[in-house]
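Q: Can you keep this structure in mind? I'll have questions shortly.
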Amino acid sequence: MKYLRRMAMALLAVIYLAALLAGWLAPAGYARQFRDSPAAKPSALFWLGTDELGRDSLARLLHGSRVSLSLAPAAAALATVIGAAAGISAGIWGGWIDTGLARVMDLFLSVPWLFLLLSVRAVLPLNVRPLESLGITFLLLGLLGWAGPARVLRSAAREITGEDFMIQARARGCSRVHLLTHHLLPNLAPVLAAQFWMSIPIFILSEANLGFLGLGVSQPLPSWGNLLAGLQNVDAVVSCPWRLAPLALLLVVMACFHLIVPMEDFSK
Amino acid sequence: MKIRWACFALGLLVAPSPRAARLPEPAPGGELRFCLHAEPKNFNPLMVSEEPDEMIQYLTGAVLIRINRQTQIFEPELAESWQVVDGGRKIEFTLREEVRFSDGVPLTPADVLFSLRSVVDPALHSPAGEPFRGGKGSITVSQTGSHRILMSLPSPTAGVERLFDQVPITSARAIEKSERPDDMPVLGPYRIASYRSGSALLLTRNPFYWKKDQAGRRLPYIDSVRLSIQQNRDLELARFLRGDIHLIDGMDAESFDRVAEKRPNEARDAGRSLESEQLWFNQVARAPIPEYRKEWFRSRQFRRAIAQAINRADLARLVYRSHAAPAIGPVSPANLSWFNARLRVPTFDPDASLMSLKAAGFSLAGGTLRDRQGHAVEFSVITNAGNKSRERLASMIQQDLARIGIRLNVVTLDFGSLIERITRTFDYESCLLGMVNVDLDPSGEMNVWLSSASSHPWNPAQASPETPWEAEIDRLMRAQAVETAFTRRRALFDRVQEIIVEEAPVLVLVDKNSLSAVSASLGNVAPVVLHPQTFWNIDRIYFRGGTGR
Amino acid sequence: MRARLIHSITTVILTVLLGGLIAAALVRHAPGFGVDEREFDARYSPDSVRRIRREAKSSERGVLADYWRFLSRAVTGDLGVSASFHRPVAALIAERFPATLAAVGAGLGLGWVLGMLFALAAALSRPAFDICAGAMAAFLLCLPSSVLALSMGLAGRLDGKKAAAAVIALVIFPRVFRYARAILGRVAGAPHVLMARARGVGPGRLVWAHLVRPCAPAMLALFGVSVSVAFGAAIPIEVLCDSPGLGQLAWQAALKRDLPLLVDITLLVSLVAGASGLAAEIVGPATAPS
């Protein structure tokens, strides 16, 4: 499993690098329309062919990957930090703080936030750049997605708080801050890391699902959401299997993230 | 030899003529299946306003005068004949006798009186009565003979007959039962047999439908119609290809090509439709956008330059896969009576566009176009989210304008937010939307072209026309609305179309083709450009073999 | 115990009510609220458009006032009238809820059964099976639910409801499998299980008494979460599979800013999620082996 984990990390690094070097690997750019070559097959000029407007599919895939792979970890980090603050507070303090925070987590998990995303898109300034609007979408996803990690961290924090060494430390008169920084956080670190890694694919898939529902990024910026939306034309995909490239890349990236997180961490 | 010739001649006499042999014998029977794209909201024929309700109304309802969707000519329906008198102020109908509702109760002049009075009643707010409520004064409806009804309007109305294509004839009894659609008596070829919300609507033949074919057989040929509620157009297409449904109306180009590839004889392109894609600039004075941008949008040269910079041929070829054509003016050539044939397709010429902009005080430096004050020419276009074709159009226009140094930001919004911006807050810069000429007659577009109208795209509800050319359009539209001579009306409306093209407040980009899919098992289906495109002659459609697949 | 139960129920109810209020506030202040598409319909005269706007405005009050009015009517069974469908919300929900309940119920059931069976099999069998099952779960986790929904719908063999149920099962299965596999893996290696095996305890009793029962509290906690996940996933899945359930209704309500309908659906979904979580909290400790 360690070997697989290392392979996954190496593959992710290669994909990240390719995405960062998108401008060099696909110099045509993601927006330029070669109108004489719409829906072209793969060739020396267009390694993955072109889309319906003659745009280089490889360029769009690489640039889309860059967008999704940079913003999703940022959203995951935000959600994990907020989730950690809430979950650990609930776990360590207990009592009405724990009850209150638990109810807030339930609230966040039950309200239809898809509607908030719809509304936020509608109030954004008109001339905001597509990348900025996508950034705001991921920011929102991060701000709204903390409840899941918070629940896990709350449970883990309560478990650790009940351990013998924590009871001993409290009995010795250690302050709450000392308990938090010297005993709780170091023991929660693997869980925090697992939650962060597990959240990244969730946010990537959330953006992909939003694209499918028409709430994705504006033209001409590509993202995995609007690239996957092209799969709705099943016949075109069957006759031109290279159009599955975005899905294939998404699956590879998702698989890598899941392999990075050890199986046992899913129980925490 | 003579006997042989005699036999031959005899054979010619008794053999059916080649023309008769080619005409198939319509066989009754079968269940026709196609889809509604949204849940029906209202079965009350007087209050129908949305597309699924209108489809059901067309299948179950009846009107006095029907516009033949194929020839675009008025035809008598429940009115055997009619007469327009007093310059269009009055119209008198002679009703067809022996017409019955689906429950066997005869249609009476009282029912027609009830329907017409209800439609024009301002308290009821019937959508079908909207065209009647334009003028000042009251509308009266009275019975002038045993089967004669007279309607008097407050002012002359040109082309008044066309208004009755959308006026449903029903009865008070039927309205009372509209909450229970399967119990509602109707006059059309079908009646509602059952309705399951979110699932399907089943229509069965009206046993008392008054129409018969040439052989004297009662219509419709098909026994029943099942309308599935299917919002996802991809799933609808998949069902058609599997044979679950028989018709698809209003297809997009991509889906059409998929059908054409698999079943070439089932993909029907009826040519240019009355639907177009249009781009307009916000010219509302109180719009919360920067003043310098308002100045651009109010500049005729700027608008015309943008028009010249957009490659309409490419839009039609790539976005609509050549199932569209560059638009010529605000009226599609598919509108046979009213299209101004003197107009020409705006030329695509980015160099000329740039020259016009320079003449208007703009300058191109470092790949960016700037106005006199040095502002980079950058603006946004809003359109509705989820419409792939429109998003692609916007993307292509973005590229075209980039060639002349203009940066266009595409913003997709859900429809409610978009409507709010273009009708209430005016917080937008330009808008890309599709428009449909539902009413062929220009009087049906008064709410678009009049400057005081709420649907006047670029600057609605003006207290008084803010530009001389809008004042001219107002004058011309009002004049044609009361002019009874067709040629004079035509000349007036031709001039309106010319002004729109000259001033370019709205850029009509492409006219889409009417694309539909029709199962090969159906006979007598002739897709047209007016809605409903495929089943406009529902009572005469039949299954080859009589049973359907 | 009774006091704790009352306390838990009260907090769930308060959470549900607060969730409804948040949903009402979101809808009420969202762009496009109160806008009727007929305002841009060329068939309507300026007078008619003004009347349409007046009617929309007359029904608006403050969020709290609207919400209070709604709650007082809801207590008597009147859930309001849908602004977009023009029908009583109670009737709409009654028509659509069974489809969602069936899809979510079937999806949850299938997902859980498959997840637990595969997890047990993986924990007790050869590593090759464990790896294959893990890979399959990972693959399903990697696929966006929208792609799953699309492929189910377009495959054409299943109608909308069955397709939605199948997709929900495919969404739930990998999560249940990985969680259960991790917990069972830990428990399977515990000394008491090794001792039971050494003593020759039968496979049935081994699995039930020594593997499943110790995991029960954790699995029940996951069940509570999976109900929320399933209902949350139902909205986009029903939209893409064209299944006539609450999810599709909620999406249409969101697009049309249908305040009464959206608030009612939010309350219902929150209640179901809260109740399942509460049930898991109560039943969990009761199932723990003494």
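Chains as they are written, first to last, in this note's numbering: chain A, 1 to 268; chain B, 269 to 817; chain C, 818 to 1107.
Just so it is clear, CB atoms sit at the ideal spot from N, CA and C, and this is done for glycine as well.
Computed from a predicted structure; not experimentally measured.
In chain B, what lies closer than 8 angstroms to D1075 (chain C) by C-beta?
A: Result: empty, since nearest Cβ-Cβ is about 10 angstroms, beyond 8 angstroms.
Q: By the three-class DSSP mapping on this structure, what secondary structure does R287 (chain B) have?
A: Only weak support exists for where R287 (chain B) lies, its pLDDT of 41 falling under 50; the coordinates are left without a value.
Q: Taking buried to mean at least 16 other C-beta atoms within 10 Å of its own C-beta, is E365 (chain B) buried or exposed?
A: Exposed, because fewer than 16 other Cβ atoms sit within 10 Å of the Cβ of E365 (chain B).
Q: Under 7 angstroms, CB to CB, which of the residues in the segment 92-108 of chain A have a partner in chain C?
A: So the list reads T99, R103, D106, L107, given in the order they occur along the chain.
Q: Helix, strand or coil for W350 (chain B)? Go by DSSP, reduced to three states.
A: W350 (chain B) falls in the strand class under three-state DSSP.
Q: Check whether the Cβ of K309 (chain B) lies closer than 8 angstroms to any Cβ atom in chain C.
A: For K309 (chain B), the answer is yes, since a Cβ of chain C falls inside 8 angstroms of its Cβ.
Q: Pick from C:M1036, C:A1070, C:I1099: whose alpha carbon is nearest that of S899 (chain C)?
A: With distances taken between Cα atoms, S899 (chain C) lies closest to C:A1070.
Q: How about L117 (chain A): is its C-beta nearer than 8 angstroms to some C-beta of chain B?
A: No, L117 (chain A) lies away from the interface with chain B (no Cβ there is under 8 angstroms from its Cβ).
Q: Using the rule of at least 16 other Cβ atoms within 10 Å of the residue's Cβ for burial, across every protein chain shown, is R540 (chain B) buried or exposed?
A: By the neighbour-count rule (16 or more Cβ atoms within 10 Å), R540 (chain B) is buried.
Q: So which residues of chain A does L681 (chain B) contact, with C-beta pairs closer than 8 angstroms?
A: In chain order: R121, A122.
Q: Can you tell me which of A:L62, A:I88, A:L25 puts its alpha carbon nearest to the alpha carbon of L45 (chain A)?
A: Considering only alpha carbons, the answer is A:L25.
Q: Given this structure, state the Cα-to-Cα distance separating A939 (chain C) from A950 (chain C), to the nearest angstrom.
A: Their backbone Cα atoms lie some 7 angstroms apart in a straight line.
Q: Along the chain, which unbroken stretches of the beta strand (DSSP E) at least 3 residues long are found entirely within the segment 331-400 of chain B?
A: Qualifying beta strand (DSSP E) stretches, in chain order: 333-335, 342-344, 347-353, 358-363.
Q: Any idea if T1083 (chain C) is buried or exposed, counting beta-carbon neighbours within 10 angstroms, 16 or more meaning buried?
A: Flag for T1083 (chain C) reads buried.
Q: Whose CA, out of B:R441, B:R561, B:L304, B:R531, lies closest to the CA of Y463 (chain B)?
A: With distances taken between Cα atoms, Y463 (chain B) lies closest to B:L304.
Q: Could you check what DSSP says for G791 (chain B) in three-state terms: helix, strand or coil?
A: In this structure, G791 (chain B) counts as strand in the three-state DSSP scheme.
Q: Given a threshold of 16 other Cβ atoms within 10 Å of its Cβ, counted over all protein chains shown, does W606 (chain B) qualify as buried or as exposed?
A: When all chains shown are included, W606 (chain B) counts as buried.
Q: For the candidate residues B:L418, B:E318, B:A396, whose alpha-carbon lies nearest to that of V353 (chain B)?
A: Out of B:L418, B:E318, B:A396, B:L418 has the C-alpha closest to the C-alpha of V353 (chain B).
Q: Restricting to runs no shorter than 4 residues, where is the alpha helix (DSSP H) found entirely within the segment 1014-1080 of chain C?
A: As far as the segment 1014-1080 of chain C is concerned, its whole alpha helix (DSSP H) runs of at least 4 residues are 1030-1058, 1063-1073.
Q: I'd like to know whether the C-beta of E52 (chain A) is nearer than 8 angstroms to at least one C-beta of chain B.
A: Interface residue, yes.
Q: Looking only at its chain, what residues have a beta carbon closer than 6 angstroms to the beta carbon of Y30 (chain A), apart from the 5 residues adjacent to it on each side?
A: A59, R60, H63, P222.
Q: Here's the rule I'm using: 16 or more other beta-carbon atoms within 10 Å means buried, otherwise exposed. How should Q351 (chain B) be labelled?
A: Looking at its Cβ environment, which holds fewer than 16 other Cβ atoms inside 10 Å, Q351 (chain B) is exposed.
Q: Could you check what DSSP says for Y477 (chain B) in three-state terms: helix, strand or coil?
A: The answer is coil: DSSP assigns Y477 (chain B) none of H, G, I, E or B.
Q: Note down, in chain order, all residues in the segment 464-494 of chain B with a beta-carbon under 7 angstroms from any beta-carbon belonging to chain C.
A: Hits within the stretch, in order: S465, G466, S467.
Q: Return yes when the Cβ of V892 (chain C) is within less than 8 angstroms of the Cβ of M933 (chain C), no when it is not.
A: For M933 (chain C) and V892 (chain C), no; Cβs fall outside 8 angstroms.
Q: In the DSSP assignment, find the unbroken alpha helix (DSSP H) run with P532 (chain B) in it and report its ends.
A: Per DSSP, P532 (chain B) belongs to no alpha helix (DSSP H) and is neither H nor E.
Q: Can you tell me the Cα-Cα spacing of K358 (chain B) and A966 (chain C), whole angstroms?
A: Going from the Cα of K358 (chain B) to the Cα of A966 (chain C) covers about 57 angstroms.
Q: Bridge partners of I516 (chain B), per DSSP?
A: Note: I516 (chain B) sits in a beta bridge opposite B:A785.
Q: Quick one: Cα of H178 (chain A) to Cα of M166 (chain A), how far?
A: If I take the Cα positions, the gap works out to 11 angstroms.
Q: How big is the Cα-Cα spacing for L1072 (chain C) and L937 (chain C)?
A: Cα to Cα, L1072 (chain C) sits roughly 43 angstroms from L937 (chain C).
Q: Would you say P1106 (chain C) lies against chain B (beta-carbon separation less than 8 angstroms)?
A: Confidence at P1106 (chain C) is low in this model, with a pLDDT of 49, below 50, so its placement is unreliable and the value that follows should be read with caution. It does not; no Cβ of chain B falls within 8 angstroms.
Q: Mind listing the chain B neighbours of A900 (chain C)? Cutoff is C-beta to C-beta under 7 angstroms, in chain order.
A: Chain B residues near A900 (chain C): none, gap ~11 angstroms exceeds 7 angstroms.
Q: Closer than 8 angstroms by C-beta to I335 (chain B): which residues in its own chain qualify, once you throw out the five before and the five after it? Chain order, please.
A: Contacts found: I341, F342, E343, R430, D433, L708, L798.
Q: Would a C-beta distance cut-off of 8 angstroms place S523 (chain B) and R501 (chain B) closer than the cut-off?
A: Their beta carbons are under 8 angstroms apart, which means S523 (chain B) touches R501 (chain B) by this criterion.
Q: Please state the DSSP three-state secondary structure of V237 (chain A).
A: The answer is helix: DSSP assigns V237 (chain A) an H, G or I state.
Q: Ignoring anything shorter than 3 residues or poking outside the segment 653-682 of chain B, list the beta strand (DSSP E) runs there in chain order.
A: DSSP runs (the beta strand (DSSP E)) wholly in the segment 653-682 of chain B: 675-681.
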